[in-house]
Each structure stands twice: as C-alpha cells, then as structure tokens.
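Chains as they are written, first to last, in our numbering: chain A, 467 to 1085; chain B, 467 to 1085. The beta carbon of each residue, even a glycine, is placed where N, CA and C say it ideally should be.
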C-alpha cells in the first residue's frame, strides 16, 4: 500500500498514512482527536479542517451542502469526507478539536454518611521459624482482631502473593487494609489504601483519587472519552458496536485504555503508586456502562430500550484490564433503566435527593437530558426520565457551534457600542458553546431581534441574509479568530427551541405525572458542565428552566463523580446507591402522548410561568 | 540455526529441531514427555532412550556411570545428556515415558454432609416492552424468591452478559443457577450447573466432573502433570521457578494449560459444554498450589518452609486463565503448612478423619509422604507431618525402576518353578514399579535371600554380581521385554530401606508426640495410587506399615479429588475443609531429634511390632 505523510497543525503531529484514507482517519492515527457527532458520515459538520497544502479528493455535493456558503476558502473541508491523495498539511481549528475543552471535574460535596469502609491496622509479626511454621496468612490473621467471612472463601490469591512479598521486604511490619473489617490488602507501614471514582461520560471522563482511609480527595483529572471519534452520541456508538465486526471490542478497549490513562494521571498528580489503588468505582450512562462491560448493546439501542442491569456490579480489576493493586476490585454503579444510567444514580446520591425534605428537581442537560423529581411522603418517590434534547447545547449542528474549548463564546451582551462577547480562556472568539448560545438568544429576545416564536427580525443592522435564511452576526469577520463572521442562524435558533422545548416538556411531564404543582418544587439541582456555566437568568428568560426564584437553583457540578466517590468511601452510601437504582421509577417518553402534546407548546421562547404550566398541563 | 529431523518411536512423532539440542528437549518439542527426576541434570537415570539411527554426541563419564555396566548396547543413552548432531531416530521405552502410567482417578466416596450449595430454578419471564422497561437483572430478580447479598455488590458483569443473551435466545424461559440461594448463572432450561474438582499432584492430575445440582459424578479424567519435564520432585520445580528467568511463569502456564486440557477431556467425556462449568475447585500439595497461583516460591523451598496460605482462596476463572462459564469461580483448598497441602486437607475431609470416633491414621505415600493422625477427645486433634521418603516407590533411582505404566512388575512370587511376575496391563515385564518393589523385597525376605539388615545373600542361584555389587535377577534377559535382565540391586534395597524407614519413623514420631499407643489406632487410610495397588501383606512384612490387623487398612484411592468434590457440592463440606486446615497441627521433622534417632532404627526389615514400637520410642 502506498504511504504518504500527513502533518497536522497547530500540533505539528506527523503520521505515515495510506493513500486514500480520510483526513479524519489519518488524524486518529496521528493521535489527534477531531470532533464528530455522526461517526464520520459527513452529516454533522463538526470535523471542519483546513487543507494548508497538498493533494486531496474534491468535495462532493453532500460535503458542499454541509459546508454551506460561508466557507472562508475552498480549502475548508470536512475531515471525514476528504481523502488523502499525497503528502498533506492540515490545520485543525480549535472548534474541531475534540480534546481541547473545559472538563468539569469537581462537584458540590457533602460528607459521606456512616463510617468509612476502609481502615488500616499496623501489625508487627513474628518471623517464621522451624518452631513457628504458620503460613503467612495465618500469621497475619492471628495478629488481627477477629473478622467474619473467613469461611466465605473470599480471600484472593493476589492478597497472599502481595502479603508474602511485602512481609519479607518490610521485615514483617505491615499496614493491613481492612474493608468492612476484613483484610483486603497489605502495604508497607505508612501507605494508606487508595480508591478511584470515575464518571464515564459520553464525551468526557472525570476521575477523583480518594484516600480510602481518610475519605479525602487527593487529586482530580479528566480527559476526553476517546470513543468520541466513533460518534459523539451514544446511539452512534451502540450502532457501531452492533454493526461492525469487533466494534464492541474496539469501543471497550478504547474506554479501558482511557481509564488506565486516567488512573495514571490521577496517581502521578497525587504522587501515589498505582499499586495502592484497592478499588475503582465507575459510573456512566447506560450506553457507556454497557459498552465498557461488553453487555449486548442491541436491547439498549432498540425499542423498548432495556438495560442489562439495575443492581451494582463487581469484578476484579484485572478482569477488566485495569491497572491497580493486586486484589483490587471494580464496582459499576447500577443503571436505573432506559437511558438513565449509573451517573444519574450517583448524581441523585451526591445531591441527597433520596433524602430530600421537599419536592426537588435534578436536571443534567446534554444530548440526552436526564431529569429527576424526588418527592418525600407517602405518594412520593424518585421519578426519572430522559428526553432526547439533541446536541445543540454541546455546540453540535449549530452553524458556529463548538464545545466549551478555548475561544468559545460563553457570554453575550448587546450594549450601546454593539455586541460584547466573553470567551473561554479569553481567547479570540472562534465559535459558540452551549452557554453562549443560551446567552445570545436570551439577549436577542430581550432587545426584540428574536420574537417569542423564534423568528429573527430581518431588519436589524446585524442581520445578514444568505441562501439558508437570516443570521445574526455575533462577531464580525474582522473581530473574531476565524477570519469569517460568527453567526447565529435561524436554524440554530430552531435547534435551541427543540432542545429547550424537550427539556421543558420533560420537566412538565414529570411534574404532571406526579401531580406536583411547579411552585411546590424547592431546590433545582443543575448537574454537569453545561449547568455549571449556564447563566441562569438567560436560561429562565428563554424558558429552558422552570420559572422559580433564582436562589432555588443549585449548581451541582460533576455530581456523578462525587456520588461515585461517596460509594467508594462508605458502605452506607453504597447501599443508598443500590436502593436509589431499585426505588427510582423510570418514565418512558417514547410513547407518552402528554409529552408529545407539550413538546409543540414548549418551543416558544417564553418563561415557564408557574400558573401557565399548571394550566397548560391540565389541558 | 541448522535444523535436523528427530523421529521418536514407537509413537512415530517427528520434529524439526536445532543441531546441538538434547534428545530430551527435542522430545519435548515433539510433544513426547520423557521421565525425569533431576530436571535434566543427568543424575536420576530416568530418561534412558535407545538411539536407533543417526549421529549423536558421545557419552561422557557421568553418563556412563549412571548407565552402568548393564546397558544392552552402546546405543542406550540418557536423553538429557545426549545431543543431536544430525537426523536421528530414537526409541523411547515404556519405562522412560512419563505419560504412560496408571492414573488413580477414583477414590472411596461418602455422601456429602448438608444440602447441596447449588440449586436450579426455572423461570418464565414476561417480555420487556415500553410499558415494562425493567432491566434484565431486575426482571429476573423479581421472579426469584428473595435472597440476600443484593447490596453486597457481588453480582458479576459476566452474569448480566450471559443473562441478556440467554434470555433473548430462549424466549425468556430460563434455568437460574442459585448458589447458597443467590443467583450465579443462567442457562436454557434443562441444563444443570457443572463443577470440576481437581487434585493437582506432582506427577499426576486427576479431575472429576460433577453435576452441582444433583451432586452426581458425570465423568473422571486424568493426565500427567506436564511440569514433570522440569523435574519430577517439587524441590526441583520450586528451584526452577526461583532460579530461571520466567521459570515461575513457565511452570504456572504449563499447569494451567493442563487444567484446561483436563476440563476439556472431562466435558467431552461427559457430553457437557464447558460453558456450563460454574465452579472449579483445585487442591494440590503446597508446591503445586504455590506454583499455580504464582505465590513466591522461596519461602516454601528454603527452611523454615513457610506456605503462603492456610485458608481457602477464591478467584474468577478467567483471572487464572481457565475456560469455563461466564462468572465461574475457582477455589483453591487451603494448605496446612510446610509440605502438607490442600490435597491432604481434601484427603482428611474425604476420609472423615476430622469426625473420627477413635484414633485414625492416614498415609499418602509418595516422594514426600504425608501422615495424619486424627484423635478425638479433649487431648485430641488432627496432627500432620510430612517426611521425605524419596522417590523409590515411584520407581525413581531404582536400577530398573519405573512408574506404574504398562509392563511394570507389580506382583512377584518365588515358586518351585522360579520367580513369577505380574505386570501392569499384563505386558512383558520392562521394569519395577513401587508395589512390585515392595512385593519383591517381601518375597526375598520370606525365602531368606535378603536378611533383616537388607543384605542380599550372594550365594543364591539368581544372584548376579557386578561392579556395583550384588543384584537379584527378577526377570532374566530372555523372558523380559527389554532385552536385558531386570534386576533388584543392593542399592535398590537400600533405597527402599531409607524410604520405608522414613515412613515408619514418621508414623512412630506422630504416635509418640501425641502419646498414642500403636494398638489404639483403629483404621489406617492408605491414599493415592501406591496405596491402592500395594500388597498390604508385603508392606507389613517389610515394616512399611504399622503392624495392625489387615482389616484395619482402608484403601482410600484418590481421596484428594473426592474431598475436593465434596467441597464443591456442599457448603458444610467447604466449611469443614477450612476448619481442617486451621485446626491441623503441623509437626516439623527437620529439627526433630526423636525422628532422626528413630530413622536409624526403622531401616531394618522387621515388622513394626506394636510392643516394640512403644518400647523403642520411649528409649
């Protein structure tokens, strides 16, 4: 096979690649992750790159239609549809780089309930001799306070292997790790047991390194989920696993490699050796959990969308291929059902929604938005649903949309001097992330450039019209970092209407089904990165969130990873997580007439006035 | 590297091998196992082969001294010291073939105590739908009677994977395997769960396939432990693991491959698919258990001979690399200490020695002989020791010694017409196995050709004398299957004296240390292949066994594999096994003055008269 050299800027990565492969594939081989929502089918437009030099295949009609009229130059292309014909040099703009985005690692913390599962006992053992030939294990157990489960046949050979080695290298002075009172590991004295909590998101993976004895956080790290180059949404990935030979294996392997990489980063940051990691607790949405564990993807991907498990799972770390201490275990938090996964269980746990004293909402906005209503009392319970809100708030299918990477517009105001934009890291603006999108629409609603129905007033000075309709120029060509106008198009506004409509309809359906008046809702927890950076006033004004006093909104941050860490630390929290999954009632919207009816009405850009909700939902 | 062709007869196997490698190595490459006690150091003489044609290295002085004067021809050589110089044809006699030996697969059975651990519940589940989106696990659990440990975080992802697949391929009609009431596996209705019990001996591996629901034995299979070509005794193998780079890995890998082969044979014989194997229970001597689990071998191989564990161990089958059902577990029975391993625990359990109503002995004769005395009552207990009895009874270091393979002499009588021999499988005699050795010495003692001190009467007509002393011709050249005399040499007799002396001294030490008069001993259980075929009259007459009424001797057969099977079937038996290991008191003989004193006296060929034992041991 003929080889050529592809160079990727601004990173300067080079790779030898076969003639005829796509820019997207070559970039993947060079270790450069390019964004993609559609899994390389040329429909999402997320993988725009610029061909700086060299010979590539000409664009076909599909590509041209996605790229539209506003290409800065003929050299702008879609990486997935552009094939290499010779040595090339490619520029990947920030807006197309999958890794360069803000990661939400931290969340709102609460102290764990109950005692820590892990404790450490230091022991000094007598040396073996011909008159004291007790085995290493018996020698150790004789020095420990009595514990249960010895006849439970649960001691792992890895424990013995480690004990035999450490005892002899530490002169029989040992730190013994006890979990629920039973010995699970040994180490030289002074080394406490460590655990890792991970939230496996569709786009981002976040992890915390926890000292299991003290319960303290040692380090936090995050990374992009490398599965992203196989499609940005879960359905694309499930389909890849279903349809491609070895697809499931490839996706699982990618995720496991990423987890190992995360473990290494966390350990490096914390100055801790990986062989102190006694336990890893993973949570993720249903798709991530199923892909990781190689559970059959079909039942989840096709109606009626059935998850394999809704109880916690446990296995040994080497079974999954995770590097950690000998005898380390991996726990996976239970799914609730459909597309409500273990990350949502962890979020409910972290926010304490299972113990709330009044009706409480939790919202995690993403391509799928999960909504929970926790309600105390005899008719109460934990009610969850997920609605397909689309990737608009993640910047996908938005004309100048991008993730919250450097240069993404996140605030927007119109002043007497014209528009003022604020960007991630203060870089020159290159596109529009979710919070910027909400801010821009809110502001244009305020000044009347957009009306309630979402129509752009075409007479405004910043409106430009093109073959695909009107667009508002947020940043003119000369002020931005892209060499072209950054636009908010009529199509973008419609995408936001659909997204916020689905979320509002979801919230209303949940309230209606549980006979909960909106004003009965106390706190509203906003989880995830979007919820952390969203301007709540803007969100209220476009009707994305229920119209409640601003003080009731609580930014929970990455509540999933916090919840996973709680289950790592305390047995009681583990039990709570298992109970949350079993207690939660999943409401399926796919066949829900009320939701469909509401969806039509909730697309208007009006605040969700409480009275109005109640009236409309009764109709 | 130059290659040549080596052909091995009578199997007709051919292999391309490098010039300069030994016959032994070439045979291993051809998949032919040649016996070896010394791990290829040219000292044991077990690997005699005949060079039929072709060029090989000439014998050195060491080799000639091992081969001695009685080589049938100059073409008889030691496989480990003979190097290939060109294409060769080699004959491997039965007596040198490691695999062609009688395997003791069966043992004396008793019904297990307590209920079976496994049970099967057939369920018919409702199909999932948009109005019933319960996860597969919840759907199943809702249909089962309540069980504990759901919050114990112990459900394995493999369980879910299998459930999701089988449920959909069996139209939601399932057989659920419960272990101690909790679900551990699923299968199409009609398939019961299977388990495998294995005794990993130093030379032989024996396994039973058990229906875990009924507790019934489905099939039995055995094979030679392939580690044998790395040394026939455990110390050689432990040293190989200690000294050679990757030695431990190589030995573990060999054993695991053998176990997988055994699992396959058992399944093929039983007509059962391997993915029904829910559990595998392994027992073995301390060395085999440590080598399998890759526990550090040094502490066991060097004084004070410390085992890593004396509690049961458990791991997932894939962690060890064993093929079985998804979610299958492997248990390893606990060692007691020193060189008394899990096989001895299983033997004690199978023979019920932990519940005996009177003082009971158990003896498993091998290169290491393990002896147990179980004694009820307030001063009672389970007392165990192991003594190095040498490999004489396994046919090693005996002039014409061999394992109990076809053609091995196992019975011997002198009649008026001369000696009459009986051989394994009735083949022409080619050598002498352990039971034949005891029979021959016993018979020669009876007719006075050997005296109490073990001296051969050189005046007998069948005595032949050579440079290494006198020898009795058991089978003359013309009657045997080897083309030469089959001899019992003075050296052989001394080896037996050492072996039986050690065993007798071990038994006496055990009785003395526990203040047990010999006539108080009720039953004497003889475990293992040697104990199964040994002529008890002969053994008594040479003083190998304590001089008790013949009826008190019980042949237990492969009691280890039977004991392992009991722990597989019943929880109560598992508990008993764990208790046996913890309760048993190990007596170390390495520094025992009494044992050393006894050793000198017990070498005489006189029956262990009860009164004599008592008097002598008090001295």
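Does the beta-carbon distance from residue 734/A to residue 791/A come in below 7 angstroms? no
Does the region 639-652 of chain A touch the region 577-585 of chain A, meaning 3 or more C-beta pairs lie closer than 8 angstroms? yes
For residue 480/A, three-class secondary structure by DSSP: strand
With a floor of 4 residues, list each alpha helix (DSSP H) that falls wholly inside the region 590-656 of chain A, ordered by position along the chain. 602-609 and 623-635
Could you please give the first and the last residue of the uninterrupted alpha helix (DSSP H) stretch that includes residue 701/B? 700-709
Between the Cα of residue 755/B and the Cα atoms of 732/B, 736/B, 510/B and 717/B, which residue gives the shortest distance? 717/B
Please work out which residues of its chain come closer than 6 angstroms, Cβ to Cβ, to residue 519/B, disregarding the five sequence neighbours upstream and downstream, and give them in chain order. 555
What does the alpha-carbon distance come out to for the pair residue 1060/B and residue 563/B? 40 angstroms
List the residues of chain B whose Cβ lies closer than 8 angstroms to the Cβ of residue 1019/A, in chain order. The contacting residues do not exist; residue 1019/A stays about 30 angstroms from chain B at best.
Under the assumption that residue 780/B contacts residue 795/B (Cβ atoms under 8 angstroms), give the Cβ distance between them as a whole number of angstroms. 6 angstroms
Does the CB of residue 979/B have a neighbour CB from chain D at under 7 angstroms? The chain labelled as chain D is not found among the protein chains of the depicted structure, namely A and B.
Roughly how many whole angstroms lie between the Cα atoms of residue 494/B and residue 487/B? 11 angstroms
What residue range does the alpha helix (DSSP H) around residue 838/A cover? Run containing residue 838/A: none in the alpha helix (DSSP H); it sits in the beta strand (DSSP E), 834-841.
Just to confirm, are residue 825/B and residue 1045/B a CB contact at a threshold of 7 angstroms? no
Are three or more beta carbon pairs between the region 782-791 of chain B and the region 996-1009 of chain B nearer than 8 angstroms? no
Round the Cβ separation of residue 529/B and residue 544/B to the nearest angstrom and send it over; I've been treating them as touching at under 8 angstroms. 5 angstroms
List the endpoints of the continuous alpha helix (DSSP H) containing residue 717/B. 713-736
Separation of residue 1023/B from residue 901/B, as counted between CA atoms: 14 angstroms
Can you give the beta carbon distance from residue 993/A to residue 887/A, rounded, assuming they're within the 8 angstroms contact cut? About 26 angstroms; that fails the 8 angstroms criterion.
Whole-angstrom distance between residue 726/B and residue 789/B, CA atom to CA atom: 6 angstroms
Of the choices 676/B, 692/B and 680/B, whose alpha-carbon is the least far from that of residue 667/B? 692/B
Residue 797/A - containing beta strand (DSSP E), residue span: 795-798
Got a sec? Which residues, its chain only, sit under 6 angstroms from residue 923/A by beta carbon, not counting five neighbours each side? 915
Work out the CA separation of residue 905/A and residue 943/A for me, nearest whole Å. 20 angstroms
If you draw a straight line from the C-alpha of residue 765/B to the C-alpha of residue 699/B, how long is it? 17 angstroms
Identify whether residue 1071/B lies in helix, strand or coil by the three-state DSSP scheme. coil
Own chain residues within Cβ distance below 6 angstroms of residue 673/A, not counting five before or after: 662, 664, 687, 728 and 732
Considering only C-alpha positions, which residue in the set 1073/B, 838/B, 1026/B and 858/B is nearest to residue 918/B? 1073/B
For residue 558/B, count neighbouring C-beta atoms within 10 Å of its own C-beta (all shown protein chains included) and say buried if the count is 16 or more, exposed if not. buried
Buried or exposed, going by whether 16 or more other CB atoms sit within 10 Å of the CB of residue 867/A? buried
Check whether residue 752/B and residue 807/B have beta carbons under 7 angstroms apart: yes
Excluding the 5 residues flanking residue 852/B on each side, which residues of the same chain have their C-beta closer than 7 angstroms to its C-beta? 804, 805, 806, 834, 835 and 836
Taking 7 angstroms as the threshold (beta carbon to beta carbon), is residue 627/B in contact with chain A? yes
What does residue 603/B touch in chain A if you count any residue whose Cβ is under 7 angstroms from its own? 774, 775, 776 and 777
Rounded to whole angstroms, how far is the Cβ of residue 802/B from the Cβ of residue 622/B, which I believe are closer than 8 angstroms? Not really, about 31 angstroms apart at Cβ, beyond 8 angstroms.
Which residues in chain A sit within 7 angstroms of residue 595/B, going by Cβ to Cβ distance? 770
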